[in-house]
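Input: a single structure, listed below in structure tokens.
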Amino acid sequence: MFFHKKAVLKIMPDKGVSYAVDESGEPEVVFYRPTSNMFVNRKLDSDTQGFFVNIRRPGIFDVDGLTSFDLPKMPDECDGFILINYGIHKSRAYALRNPNKQTMLTFM
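Just so you know, we're using the working numbering here: the sequence shown kicks off at 1059 and counts up by one.
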């Protein structure tokens, strides 16, 4: 018998500002990962530029303990997904509906 744990989606209300903030409530700098097409809040030594992301109505997944998962089709009411406890470092990852309109570049 096999069990497959699925990530549960929780859609957050529009609060008028981005949900992509650090622990102190300041806008969080994130870094693009082309292999997953996501932005992650963990900087690598090779990262030379970061981004601020504007995500005001996210769907949130807690992916802690999942070795793999599939993101569903993004609901119309969402402008992106936030994955918490992502990867081995328990980072936050952001998948955006429209990265060209929802990001602002910053240099490190």
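Yeah, the Cβ is synthetic: ideal placement off N, Cα and C, and Gly gets one too.
Owing to the predicted nature of the structure, the values given are computational and were not obtained by experimental measurement.
With a threshold of 16 other beta carbon atoms within 10 Å, Pro1092 falls short and is exposed.
Membership of Asn1158 in any beta strand (DSSP E) is not indicated; the residue belongs instead to the alpha helix (DSSP H) covering 1157-1160. Check the Cα spacing between Arg1100 and each of Gly1145, Met1162, Leu1154: the tightest is with Gly1145. Exclusion of the five residues before and after Lys1073 leaves Arg1114 as the residues of its chain whose Cβ lies within less than 8 Å of its Cβ. Here the alpha carbons of Cys1136 and Leu1129 stand approximately 13 Å from one another. Bounds of any beta strand (DSSP E) do not take in Ser1126, whose DSSP letter is neither H nor E.
Closest by C-alpha distance to Val1075, out of Glu1086, Asn1158, Val1066, Phe1119, is Glu1086.
Checking the DSSP bridge columns, you'll see Pro1133 has no partner listed. At a Cβ-Cβ threshold of 8 Å, Val1098 and Phe1089 count as neighbours.
For Glu1081, the closest alpha carbon among the candidates Ser1149, Gln1160, Phe1165, Val1066 is that of Ser1149.
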